[in-house]
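Below is one structure; the comments refer to it alone.
Residue numbers (the working numbering): -8 to 196.
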């Protein structure tokens, strides 16, 4: 009786079976690496982050009450500003920003402040934000220039806003954006008007 051994035939088949899972695993890894590379390229080309554009549309007086104390050479002033700001997201991804801040300054000193509520801006969308800034009388009283400025009928002020957030590219890559707006203006106290409003805009990635 002849006995035929199949050991030599089984070895190549066994080696082939062991290489198959390894090849599949390698293909999956290479595929994932390829996807990651494509996402990074898109994140810095097609989806390259752009500066958020913050613009002050209007500044108006909501309320003005003023009285001069000649004997004490002091001024009592209640003033409220209405500031309309628009924020545009030029990116192809959503912009999510945290609570921002708006300051009202008189000759470099902060005399009023307000917060900007956090929110989201869709790709290419522009939203409007309304701010109410009121002068805190006690802070203005401490400035020696306040009496002479109000007596002359003009009050130089500055509004300063900061908004900070992130743009999420393909929900994976994130970029931090900060937008600043500074507006110098003159309040005509007795005419109750705003004049000579000049704004400067700045943003950084």
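Think of the CB as a built atom: it goes at the ideal place given N, C-alpha and C, for glycine as much as any other residue. Please read all numbers here as calculations on a predicted model, not as lab measurements.
Among 153, 168, 17, 57, which has the Cα closest to the Cα of residue 174?
Comparing alpha-carbon positions, the option among 153, 168, 17, 57 lying closest to residue 174 turns out to be 153.
Answer yes or no: do residue 43 and residue 170 have a C-beta to C-beta separation smaller than 7 Å?
Yes.
Go through the region 66 to 146 residue by residue and report every complete run of the alpha helix (DSSP H) that reaches 4 residues or more, in order.
Every unbroken stretch of the alpha helix (DSSP H) spanning 4 or more residues and falling wholly within the region 66 to 146 is given here in chain order: 128 to 132, 137 to 143.
As assigned by DSSP and simplified to three states, the class of residue 21
Here residue 21 sits in helix by DSSP.
Check whether the region 174 to 184 touches the region 55 to 73, counting contact only when three or more Cβ pairs, one atom from each stretch, lie closer than 8 Å.
Cβ pair count under 8 Å is three or more, so yes.
Same chain, Cβ closer than 7 Å to residue 49, neighbours up to 5 away in sequence not counted
These residues qualify, in order along the chain: 75.
Could you spell out where the beta strand (DSSP E) holding residue 52 opens and where it closes?
In the DSSP assignment, residue 52 falls within the unbroken beta strand (DSSP E) covering 44 to 60.
Taking residue 64 as the reference, which of 134, 106, 155 has the closest Cα?
Nearest option by C-alpha distance: 134.
Same chain only: Cβ atoms within 7 Å of residue 105, ignoring 5 sequence neighbours per side
Excluding its 5 nearest sequence neighbours in each direction, residue 105 has C-beta neighbours in its own chain below 7 Å: 93, 122, 123, 124, listed in chain order.
Quick one: what does DSSP say residue 14 is sitting in, helix, strand or coil?
Three-state DSSP puts residue 14 in a helix.
Determine the direct distance from the alpha carbon of residue 131 to that of residue 98, and round the result to whole angstroms.
In a straight line, the C-alpha of residue 98 is about 10 Å away from that of residue 131.
What does the alpha-carbon distance come out to for the pair residue 15 and residue 160?
C-alpha separation (whole angstroms): 30 Å.
Report the partner residues of residue 155 according to the DSSP bridge assignment.
Note: residue 155 sits in a beta bridge opposite 169.
Kindly indicate the opening and closing residues of the beta strand (DSSP E) around residue 182.
Careful: residue 182 lies outside any beta strand (DSSP E) and carries neither H nor E.
Whose C-alpha, out of 20, 79, 167, 176, is nearest the C-alpha of residue 116?
Here the closest residue by C-alpha is 79.
Other residues of its chain near residue 19: CB distance less than 8 Å, five sequence neighbours each side excluded:
No residues qualify anywhere along the chain.
Simplified DSSP assignment, three categories, for residue 148
It is a strand residue.
Straight-line Cα distance separating residue 119 from residue 77
Distance between the alpha carbons of residue 77 and residue 119 is about 4 Å.
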